[in-house]
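**Student:** One structure follows; several queries about it will come next.
Number of protein chains: 2
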Amino acid sequence: MSNRLQKIADKNIKLSDVARLAECSTGTASRALSRPDMVSKEVIKRVQEAVEKLGYTPNNAAKSLRLRHTNIIGVVIPTIDHSIFAQAVSALENRLYQLGYSLLVTTSEFDFKRELQKTQLLVERGSEAVVLVGRMHDPKLYEFLAARRIPYINTYAYRPSEGHPFIGFDNAKATRQITEHLLTLGHTDIGVISGMTKDNDRATDRVAGVKEAYRARGKELPAERITEQPLTIDGGRDGLRYLLSRDKPPTAVVCGSDILAFGALSECTARGLRVPEEISIVGFDDHEMAAHLRLTTMQVPAVEMGQRAADYLVAKLQDRPVVDHVELEVRLIARGTAAPPKRKNARAKAEKSQ
Amino acid sequence: MSNRLQKIADKNIKLSDVARLAECSTGTASRALSRPDMVSKEVIKRVQEAVEKLGYTPNNAAKSLRLRHTNIIGVVIPTIDHSIFAQAVSALENRLYQLGYSLLVTTSEFDFKRELQKTQLLVERGSEAVVLVGRMHDPKLYEFLAARRIPYINTYAYRPSEGHPFIGFDNAKATRQITEHLLTLGHTDIGVISGMTKDNDRATDRVAGVKEAYRARGKELPAERITEQPLTIDGGRDGLRYLLSRDKPPTAVVCGSDILAFGALSECTARGLRVPEEISIVGFDDHEMAAHLRLTTMQVPAVEMGQRAADYLVAKLQDRPVVDHVELEVRLIARGTAAPPKRKNARAKAEKSQ
DNA sequence: TTGTAGGCGTTATCAT
DNA sequence: ATGATAACGCCTACAA
């Protein structure tokens, strides 16, 4: 490497360095890279060689400033830990990459205030558009995005009447469907292990769905048949313990997520309660493990949501027409953990192990 | 809102707009926001009000261009789908947020070429530093980072002799330890269900660790006792099926990840093979489910790795002193799926179900 | 086809 | 304490 080259290489290489080495103007070097059709083959070659030699990487800040866009999109999820979010984010990132965008990821920890802050930060850091989870957010969040005309999309929920763009599914409808499945099997005493509903419309809606199914049959779901737990296996276990400790333990349990259902299943095993003979358990998500534990559950279209969210926002950024309300299908996957009730056994066992 | 205000608000608000409304110069407005100590209380107040009124968000591209840093750090992981990576990324993001940085996330799909491309893209999009998974990468990747003096850190591996910065653990040492545990229990015929080793040094090293443990006892692990499978539950099932179909089926199986172990366990259940009485199964990761399936496994310090990676890179970016080689502890968590062998039964069953 | 020059929005330097 | 001004690196009219 020549001395002169060395000297250049020691600093941060910019386009003018490339141009100097390629013996052309900066403007030409720029065109050689972004619009080769406007430049002679010879010069293009020289520029490419110079880029190679110097290890030039364009300065995105300068480019963004000039072009007024960053090719960055942000996503705010409650937590990355849940495999269901991870799947969606993964699909989102993959599609964005294909479309020429990069993904800034941040978490809200199921906290509206934090979600607002993190979204603002994402925008400050260059996000041109944002993917949100759920339908409820701090009103200031919507204001913030509207004031800056920043495209956004709500996922994991579907409530077009609220006037926001949605790509997702109706959580209440989904649990209503799964509850109806249990009611049809003959269950009358159903319990609910929900995730914490604070700042979490998905959890809230899922509980509401169970209540709706009850009401549709002219009944009411007793409040003491609902328990809120952290979204962990232990949360599921604790939830089931709680439900079984009530006066009238349920013969079937709707869980707000598969993780909770795994915990509930685990507690059944520990107690020697046979599933589904003595108690039915259903989940939500269709987690990878669900199939192997024969868990009856709702399949959530995580991958499709991620992909479509990417498509939507990029189309929006490019002023292409867009469908603001996309309801995706959730599917009840009936496996082996839900069956008609055998009340007596279930209750007897529950009382015994009390 | 006044007409004039409206007019300003219709465009993208910049600092000069704020300054105009606050009746001061752009420079003063800038200082009012970033170094309030240099500005009079009055002006600060006027500027803050103007910011509020106009909904001003700083243009990060301009700021980055001027300040020559972006406050963005990138991470390239093989896939987000694995909960173990998700945990680390989560911890990484949280710590980076505390330190004032945002996180660009991308995936390599266990492919060196793609890892190189994605890393380059991350840098183009403004990453000042990058977190990598594993110790082996395309040589060009190291060249690329070195040429631009971009700080990076290898995680999920530890091999200081290779001259790169590491925050992680020695995968070979870890499986060597877990294999010794099995050997000490009395097993002599051990099988391995590994993840695909192509472009994956963690998987490669984990297999190597089992071999080392064998050699330390003057034995050799037969090649046909090793099977590579995709990192899924089905991969684990297939792996176990394969191992049990060999001439001399193993009495214990080392799995390259908990997911594979779950699959192996599932296959045992399906065959009526009792664990650990008839066959021992051990995993790697300490996945949330592992405790509930009583899986003996290696605990990986995912959260600590994520946090320390953040600390390391930020310190490096700020020219603070830094420790380049941090070996984190992995811990053997002995639960219920590993016990002394009862050869005859295991082999008989295996042959029968053939 | 190529070169020149202005400006994207911000901050830091240098005056005042 | 404040204002004017230059510069960060790039792209794109405009001119040649």
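For the protein sequence lines, the chains are Z and B, in the order given. Just so it is clear: in the first sequence, position 183 is 213 by this note's numbering, and no numbers are missing. Just so it is clear: in the second sequence, position 259 is 289 by this note's numbering, and no numbers are missing. We put the CB at the ideal spot given by N, CA and C, even for glycine.
Using a cut-off of 8 Å between C-beta atoms, extract the partners of Pro88(B) located in chain Z.
**Tutor:** One-based indexing of the second sequence puts residue 88(B) at position 58. What Pro88(B) touches in chain Z: Glu154.
**Student:** When the Cα atoms are used, what is the spatial distance from Leu290(Z) to Val283(Z)?
**Tutor:** What you label residue 290(Z) is simply residue 260 of the first sequence in a count that begins at 1. What you label residue 283(Z) is simply residue 253 of the first sequence in a count that begins at 1. So the alpha carbons of these two residues sit roughly 10 Å apart.
**Student:** Can you have a look at Glu173(B) and say buried or exposed, based on whether 16 or more other CB atoms are within 10 angstroms of its CB?
**Tutor:** To locate residue 173(B), count along the second sequence from 1; it is residue 143. Classification for Glu173(B): exposed.
**Student:** Taking any Cβ of chain Z, which residues in the segment 307-333 of chain B have a Cβ under 7 Å from it, in chain order?
**Tutor:** Those residues of the segment 307-333 of chain B that come within reach of chain Z (Cβ to Cβ, closer than 7 Å) are Glu318, Met319, His322.
**Student:** For Ala376(Z), does the three-state DSSP call read helix, strand or coil?
**Tutor:** The residue labelled residue 376(Z) in the question sits at position 346 within the first sequence. Note on Ala376(Z): pLDDT 48, under 50, position unreliable in the model; no value is reported.
**Student:** For Leu270(B), which residues of its own chain have a beta-carbon under 6 Å away from its beta-carbon, when the five flanking residues on both sides are left out?
**Tutor:** Working through the second sequence from its first residue, we reach residue 270(B) at position 240. Excluding positions up to five away in sequence, the list reads Ala294, Glu297.
**Student:** Taking the alpha carbon of His322(Z) as the reference point, which residue from Pro351(Z), Thr209(Z), Ala62(Z), Ala364(Z) has its own alpha carbon closest?
**Tutor:** By one-based count along the first sequence, residue 322(Z) stands at place 292. Taking only the C-alpha atoms, the option nearest His322(Z) is Ala364(Z).
**Student:** Short of 7 Å Cβ to Cβ, which residues in the segment 101-112 of chain B face chain Z?
**Tutor:** Result list: Asn101, Ile102, Thr109, Ile110, Asp111.
**Student:** Classify Gln117(B) as helix, strand or coil using the three-state DSSP reduction.
**Tutor:** Within the second sequence, the letter at position 87 stands for residue 117(B). If DSSP states are grouped into helix, strand and coil, Gln117(B) belongs with the helices.
**Student:** What are the boundary residues of the beta strand (DSSP E) that His355(Z) is part of?
**Tutor:** Mapped onto the first sequence, residue 355(Z) falls at position 325. Here the beta strand (DSSP E) through His355(Z) covers 355-357.
**Student:** So what's Glu123(B) in DSSP terms, helix, strand or just coil?
**Tutor:** Locating residue 123(B) in the second sequence gives position 93, counting from the first residue. Helix, per DSSP.
**Student:** Give me the Cα-Cα distance between Leu213(B) and Lys241(B), rounded to the nearest whole angstrom.
**Tutor:** Residue numbering aside, residue 213(B) sits at position 183 when the second sequence is read from its first letter. Residue numbering aside, residue 241(B) sits at position 211 when the second sequence is read from its first letter. Straight-line Cα distance between these residues: approximately 12 Å.
**Student:** Straight-line CA distance for Lys379(Z) to Ala253(Z)?
**Tutor:** As a first step, residue 379(Z) must be located in the first sequence, where it is residue number 349. As a first step, residue 253(Z) must be located in the first sequence, where it is residue number 223. Any reading at Lys379(Z) must be qualified, since the residue scores a pLDDT of 48, below 50, and its modelled position is unreliable; the value itself is stated next. Whole-angstrom Cα-Cα distance: 23 Å.
**Student:** Do you know how far the Cα of Leu303(Z) is from the Cα of Arg228(B)?
**Tutor:** For the purposes of this step, residue 228(B) is taken as residue 198 along the second sequence, with counting starting at 1. For the purposes of this step, residue 303(Z) is taken as residue 273 along the first sequence, with counting starting at 1. Correcting the residue identity first, residue 228(B) is Lys in this sequence and not Arg. If I take the Cα positions, the gap works out to 44 Å.
**Student:** Which one of Gly336(Z), His211(Z), Ile183(Z), Arg165(Z) has the shortest CA to CA distance from Met328(Z)?
**Tutor:** The residue you call residue 328(Z) lines up with position 298 of the first sequence. Met328(Z) has its Cα closest to that of His211(Z), out of Gly336(Z), His211(Z), Ile183(Z), Arg165(Z).
**Student:** Is DSSP giving Thr205(B) helix, strand or coil here?
**Tutor:** Residue numbering aside, residue 205(B) sits at position 175 when the second sequence is read from its first letter. Of the three classes helix, strand and coil, the one that applies to Thr205(B) here is helix, per DSSP.
**Student:** So with CB distances below 9 Å, who are the chain Z contacts of Arg178(B)?
**Tutor:** Residue 178(B) sits at position 148 when you count from the first residue of the second sequence. In chain order: Asn42, Ile43, Gly85, Thr87.
**Student:** Which residue's Cα is closest to the Cα of His217(Z): Arg247(Z), Ile103(Z), Arg179(Z), Arg98(Z)?
**Tutor:** Looking up residue 217(Z) in the first sequence gives position 187. If we check each option's Cα against that of His217(Z), Arg247(Z) comes out closest.
**Student:** When DSSP labels each residue in this structure, what does Gly302(B) get in the three-state scheme?
**Tutor:** If you number the second sequence from 1, residue 302(B) lands on position 272. Coil at Gly302(B), not helix or strand.
**Student:** Between Glu254(Z) and chain B, is there a C-beta pair that is closer than 8 Å?
**Tutor:** By one-based count along the first sequence, residue 254(Z) stands at place 224. No, because no Cβ of chain B sits closer than 8 Å to the Cβ of Glu254(Z).
**Student:** Any C-beta of chain Z within less than 8 Å: which residues of the segment 136-150 of chain B qualify?
**Tutor:** Result list: Thr136, Thr137, Lys148, Gln150.
**Student:** Starting from the C-beta of Leu171(Z), find all residues in its chain whose C-beta is less than 7 Å away, skip the five residues before and the five after it, and write them out in chain order.
**Tutor:** The residue labelled residue 171(Z) in the question sits at position 141 within the first sequence. Here the set comprises Glu145, Leu146, Thr149.
**Student:** With which residues is Glu258(B) paired in a DSSP beta bridge?
**Tutor:** Here residue 258(B) refers to the residue found at position 228 of the second sequence. DSSP output for Glu258(B) lists Ser224(B) as bridge partner(s).
**Student:** Would you mind sorting Ser32(Z) into buried or exposed? The rule is 16 or more other CB atoms within 10 Å of its CB.
**Tutor:** Numbered from its first residue, the first sequence carries residue 32(Z) at position 2. The pLDDT assigned to Ser32(Z) is 41, lower than 50, so where the model puts this residue is not dependable; a value taken from the coordinates is nonetheless given after this. It is exposed - the Cβ of Ser32(Z) has fewer than 16 other Cβ atoms within 10 Å.
**Student:** Taking C-alpha atoms, which residue in Tyr86(B), Val105(B), Glu250(B), Glu72(B) lies nearest to Asp47(B)?
**Tutor:** Numbered from its first residue, the second sequence carries residue 47(B) at position 17. Looking at the Cα atoms, Tyr86(B) is the closest of the given residues.
**Student:** Hey, Ser113(Z) and Asp111(B) are a contact pair by Cβ (cut 8 Å); roughly how many whole angstroms apart?
**Tutor:** Taking the first sequence and counting its residues from 1, the one referred to as residue 113(Z) is at position 83. Taking the second sequence and counting its residues from 1, the one referred to as residue 111(B) is at position 81. About 7 Å; that satisfies the 8 Å criterion.
**Student:** Would you say Tyr127(Z) reaches chain B, if we count a Cβ-Cβ gap shorter than 8 Å as a contact?
**Tutor:** By one-based count along the first sequence, residue 127(Z) stands at place 97. With 8 Å as the cut-off, Tyr127(Z) counts as an interface residue toward chain B.
**Student:** Let me know if Asp277(Z) comes out buried or exposed under the rule of 16 or more other beta-carbons within 10 Å of its beta-carbon.
**Tutor:** Residue numbering aside, residue 277(Z) sits at position 247 when the first sequence is read from its first letter. The residue in question, Asp277(Z), is exposed, as its Cβ has fewer than 16 Cβ neighbours within 10 Å.
**Student:** Show which residues of chain B have a CB atom less than 9 Å away from the CB atom of Ala92(Z).
**Tutor:** Stepping through the first sequence from its first residue, residue 92(Z) is reached at position 62. What Ala92(Z) touches in chain B: Ala91, Ser94, Leu95.
**Student:** Output, in chain order, the set of chain Z residues within a Cβ distance shorter than 7 Å of Val119(B).
**Tutor:** Taking the second sequence and counting its residues from 1, one reaches residue 119(B) at position 89. Within chain Z, the residues near Val119(B) are Ile110.
**Student:** I'd like the list of long-range same chain contacts for Leu126(Z), defined as Cβ closer than 8 Å, with 5 residues on each side in sequence excluded.
**Tutor:** Numbered from 1 along the first sequence, position 96 holds the residue referred to as residue 126(Z). Ile103, Ser132, Leu133, Ala340, Val344.
**Student:** I need the DSSP call for Leu162(Z), collapsed to helix, strand or coil.
**Tutor:** By one-based count along the first sequence, residue 162(Z) stands at place 132. Leu162(Z) falls in the strand class under three-state DSSP.
**Student:** Less than 8 Å between the CB atoms is what I'm expecting for Ser94(Z) and Gly193(Z), so what's the real figure, rounded?
**Tutor:** In the first sequence, residue 94(Z) corresponds to position 64, counting from 1. In the first sequence, residue 193(Z) corresponds to position 163, counting from 1. About 31 Å separates the two Cβ atoms, so there is no contact after all.
**Student:** Below 6 Å CB to CB, which residues in the same chain sit around Ala92(B) once its five sequence neighbours on both sides are set aside?
**Tutor:** One-based indexing of the second sequence puts residue 92(B) at position 62. Nothing meets the Cβ criterion.
**Student:** Would you say Ala116(Z) faces chain B, with C-beta separation under 8 Å as the test?
**Tutor:** Residue mapping note: residue 116(Z) aligns to position 86 of the first sequence, counting from 1. Yes, because at least one Cβ of chain B sits closer than 8 Å to the Cβ of Ala116(Z).
**Student:** With a threshold of 8 Å between beta-carbons, can Arg197(Z) be considered close to chain B, or not?
**Tutor:** On the first sequence, residue 197(Z) is found 167 positions in, with the first residue counted as 1. The amino acid at residue 197(Z) is misidentified as Arg; the sequence shows Ile. By this cut-off, Ile197(Z) is not an interface position.
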